[in-house]
Each structure stands twice: as structure tokens, then as C-alpha cells.
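Q: Going letter by letter, the sequence shown gives residues 1 to 220 in full-length UniProt numbering.
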Amino acid sequence: MDGLLISVTEQGVSPRPPVLFPSRSIDAIVYSSPHIYLLTRDEITIISLEDSRVSQTLRAEQIEVLCSLDGSVFISTACNLYQVHMVSIERQADALFKCGKFDEALSVYEKRLRKHFDADCMSNFIVLKKKVAFTSIEKGEYEKVADILISAEVNPEEEVFERSEEEVVSVVRRQLCPSLKALLEHGMLKKTLTQRSLPSSLGLGCFVTRNGTNSMLKLL
Numbered sequence: 001m002d003g004l005l006i007s008v009t010e011q012g013v014s015p016r017p018p019v020l021f022p023s024r025s026i027d028a029i030v031y032s033s034p035h036i037y038l039l040t041r042d043e044i045t046i047i048s049l050e051d052s053r054v055s056q057t058l059r060a061e062q063i064e065v066l067c068s069l070d071g072s073v074f075i076s077t078a079c080n081l082y083q084v085h086m087v088s089i090e091r092q093a094d095a096l097f098k099c100g101k102f103d104e105a106l107s108v109y110e111k112r113l114r115k116h117f118d119a120d121c122m123s124n125f126i127v128l129k130k131k132v133a134f135t136s137i138e139k140g141e142y143e144k145v146a147d148i149l150i151s152a153e154v155n156p157e158e159e160v161f162e163r164s165e166e167e168v169v170s171v172v173r174r175q176l177c178p179s180l181k182a183l184l185e186h187g188m189l190k191k192t193l194t195q196r197s198l199p200s201s202l203g204l205g206c207f208v209t210r211n212g213t214n215s216m217l218k219l220l
């Protein structure tokens, strides 16, 4: 059974939608915009008021106190005091990307940019889109690649991602033609440029070249 969190104002019930959360005995509740922190017997539930959902839960088996001091959130055990703060969106997106949750990683930036445009945030968002596009190429999701790169307005001659020679060889073994694989494995690919054609409707091509000690993938 779930609990229900309802926002109220001096005039009555707030137009903000209610939030469902696991129904447990609540030991403490703290508000620090734009989040609400609920301390229960064994965890801290963090609720985002921006999208009215539970955004995170933390194990808190030994936490005895949850409080807010001068706008900062603190928790304490019998022996230690900790400050709780939200991880930056860059670290959140990077962690989601490493876990293979690409859509969730992109949505982190999308939500931030919808609320407040920031040039640095947009720049990081475009970099993330390029990384997701590169990963989608490896999976053969070419339609998704086209959508991502078009939305990011990527220069078609720009190098979108760089990997070590060993990683590129691994990709080649899985996807590219046997002749190119043989060249890479024997160290013969120095100035050779080999193309693997993509669906012509996308207007994209996948090129791999070796430059010094690094191998690079370009979208042309």
C-alpha cells in the first residue's frame, strides 16, 4: 500500500499533483527546494517536486536524525554527521550512460534545459548525444543515430567520439568487413580509409582510420 503526499497552501490544496511513495512510518520530513526528504526506519526517500515523483532512495539503517539547517540538509548517526546534497547533472548523466541507460541520461539534460537554458549545459548535452550516437552505431540502430545527430546539429565531418585501438578492433570484429579486420589485426592500417555503407536513406557513412596510436570513428 502506498502513501500519498499532498501539497497545500494558505488558500487550500495546491495545484501541484500528489505524490505516491512507499507507505511506511515517517520519522522526519525535510523540504529543500526542489526536493522533499522523508526519513523512515531504514531509508531516506527523496521526492522531486519538479516532476512529482520519487527520484531516489538511500539506505539509512543507522540514521537517527534528518534536519535542515540554513537551507542545507543534514543526517546523522549516533557518531557521525553528514551533509546531503544532490549530485550534479553531469555526474548523474555520466553514471546513467555507463549503466547503458542512454535515454535516461539524455532526459537529465532535457529536463534541466527546459527549466533553465545554460550554454555549458547545452554543450555537455550535445557531447552526450554524440556518445550515445556512437554507441547506437555499434548496435546497428542507424535510424536512432540519424535522429540524435540531426537534433544535435552535428557537423557531418566532425569526429564524434574517439576510442582506443583495442576498442575499435573489438568493434571491427563484430561489425566491419573481414578485410578491414585483417588489416587492423596485422597493424597494416595506417593511411587506409575503409567505408561500411549505411542505409542510403540516412545519408551517413561509417569510416574507421588509424592515426598514430589512436583509431577514430567519423560520421561522414
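C-beta atoms are modelled at their ideal positions from N, C-alpha and C, and glycine is treated no differently.
From Glu10 to Ile26, what does the alpha carbon distance come to, in whole angstroms?
A: 24 angstroms
Q: Could you spell out where the beta strand (DSSP E) holding Glu43 opens and where it closes?
A: 43-48
Q: Rounded to the nearest angstrom, what separates Arg41 and Leu149 at their Cα positions?
A: 47 angstroms
Q: Per DSSP, what are the beta-bridge partners of Ala28 in this structure?
A: In DSSP, Ala28 forms a bridge with Leu39.
Q: Between the alpha carbons of Pro17 and Val154, how many angstroms are there, rounded?
A: Each residue's Cα considered, the two are about 38 angstroms apart.
Q: Could you check the C-alpha separation between Ser197 and Glu141 for me, to the nearest Å?
A: With a pLDDT of 36 at Ser197, under the threshold of 50, the modelled position of that residue is not reliable, and the figure given next carries that caveat. Going from the Cα of Ser197 to the Cα of Glu141 covers about 14 angstroms.
Q: Per DSSP, Tyr82 forms a beta bridge with which residues?
A: Ile75
Q: Look up Val8 in the DSSP assignment and say whether it is helix, strand or coil.
A: It is a strand residue.
Q: Quick one: using the 10 Å Cβ neighbour count with 16 as the cut-off for buried, is Leu58 buried or exposed?
A: Burial call: exposed.
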